[in-house]
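Mapping to my numbering: the sequence shown position 207 is 331, numbers consecutive. The beta carbon of each residue, even a glycine, is placed where N, CA and C say it ideally should be.
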Amino acid sequence: MSALRALLWDVDGTLAETEGLHLEAFNRAFHDFGLDVTWSEDLYRELLQVTGGRERLRHYFARYRPDLVARVDVAALHAHKTRLYGELARNRLQLRPGVVRLLREAKATGLAQAVVTTTSRVNVQTLLRQTLGEEGERLFDVFATGEDVTRKKPAPDLYRVALARLGLAPEACLALEDSPLGVAAARAAGVPVVVVTSPWTRDARFSGALAVFDGFGEPDAPGRRLDGGSPPPGGCLDLASLRALHREAVRDAGRAC
Ligand code: XBP
Ligand code: MG
């Protein structure tokens, strides 16, 4: 039986609610490039079905503004969006309630931790430095970010990169994700996955997830379990609850063989 050796963390929507800021950065970038384009929240929710900012832009122009396809340099537009995101993020990013508690608990117990995200390494650095200073990047052993793959989530590639860098088998790990596409990526790599929904994914269906919560939970902001399973004690998702879920996954996989 495989014991839990590592937590694999998604970033956008899981470590922090960043999508509102990404949306703002996309819209400012359109303005700076002189494009008559503004994404609404409803449209952005739909566009989140394409992971990765560059891929999302290409999809948008092809589907909604074919008149702009030949005119827009998507790579330059996305590079500008990334710069704007870094500026906008100053003093505006916070980790989700319960995340720091869980990151530190995992680190103190000797679990490995990885970042597995479609966004860029620089955006991850910005988030971790702004919220946790020097400690931020030291909490993680491995980073797998958008630059590392050509196929982003829901492809398993980012998870495979993280597993290879950790030197661990998928069943020794547990992924934490907020979106169905993230769940699909983790499952396609054989990694069991727990969902903590974000406002952008709250109404989604999460087939293949071990459990679905609406937050990691802190004593003053408890998380709720949304899939009918037993809630974490005191509404706080801690390492003991994650280990119990992981044991269930390993046991069920053993039965299926
Ligand atoms: C998040 C994303 C990201 C951000 C934008 O997916 O799809 O693309 O929205 O980031 P996940 P970039 O949380 O599943 O990794 O513009 O930096 O690509
Ligand atoms: Mg996410």
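Asked: Taking the C-alpha atoms as reference points, what is the distance between residue 250 and residue 379?; Found: 43 Å
Asked: Take residue 370 and list the residues in its own chain whose beta-carbon comes closer than 7 Å to its own, dropping the five residues that flank it on each side.; Found: 128, 298, 316
Asked: On the criterion of 16 or more Cβ atoms from any shown chain inside 10 Å, does residue 408 qualify as buried, or is it exposed?; Found: Because residue 408 is not part of the residues shown, which for the chain are 125 to 381, the question remains open.
Asked: Per DSSP, residue 349 is paired with what?; Found: 337
Asked: Looking at residue 318 and residue 361, is the spacing between their C-beta atoms short of 9 Å?; Found: yes
Asked: In whole angstroms, give me the CA-to-CA distance for residue 261 and residue 191.; Found: 42 Å
Asked: Note the first and the last residue of the continuous beta strand (DSSP E) segment covering residue 301.; Found: 297-301
Asked: Where do the ends of the alpha helix (DSSP H) carrying residue 185 lie?; Found: 177-188
Asked: Per DSSP, which residues does residue 237 bridge with? Please list them.; Found: 131
Asked: CB residue 356 to CB residue 367, shorter than 9 Å?; Found: no
Asked: For residue 176, is the beta carbon positioned less than 8 Å from some heavy atom of the ligand MG?; Found: no
Asked: Of the residues 258, 285, 212, 263, which one's Cα is nearest the Cα of residue 270?; Found: 285
Asked: Identify, in the order they occur along the chain, each residue of the same chain with its Cβ nearer than 8 Å to the Cβ of residue 183, setting aside the five sequence neighbours on each side.; Found: 171, 174
Asked: Which class does residue 219 belong to by DSSP, given the choice of helix, strand or coil?; Found: strand
Asked: Shortest alpha-carbon distance to residue 312 belongs to which of 354, 240, 277?; Found: 277
Asked: Spatial neighbours of residue 164 within its chain, please: CB distance less than 8 Å, with the 5 preceding and 5 following residues excluded, ordered by chain position.; Found: none
Asked: Specify whether the region 153-162 and the region 329-337 touch according to this definition: at least 3 beta carbon pairs, one from each stretch, less than 8 Å apart.; Found: no
Asked: Please list, in chain order, all residues of the same chain as residue 137 whose beta carbon is under 7 Å from its beta carbon, the five residues on each side excluded.; Found: 143, 302, 303, 322, 324, 325
Asked: Apart from the five residues on each side of it in sequence, which residues of its chain come closer than 8 Å, Cβ to Cβ, to residue 279?; Found: 273, 309, 312
Asked: Could you give the DSSP three-state label for residue 267: helix, strand or coil?; Found: strand
Asked: Within 10 angstroms of its Cβ, does residue 295 collect 16 or more other Cβ (buried), or is it exposed?; Found: buried
Asked: Under DSSP, the beta strand (DSSP E) around residue 319 begins and ends at which residues?; Found: 317-320
Asked: Taking only beta-carbon positions, decide if residue 132 is within less than 9 Å of chain C.; Found: Of the protein chains in the structure, only one exists, and it is not chain C.
Asked: For residue 178, count the other beta carbons within 10 Å of its own beta carbon; 16 or more makes it buried, fewer makes it exposed. Which is it?; Found: buried
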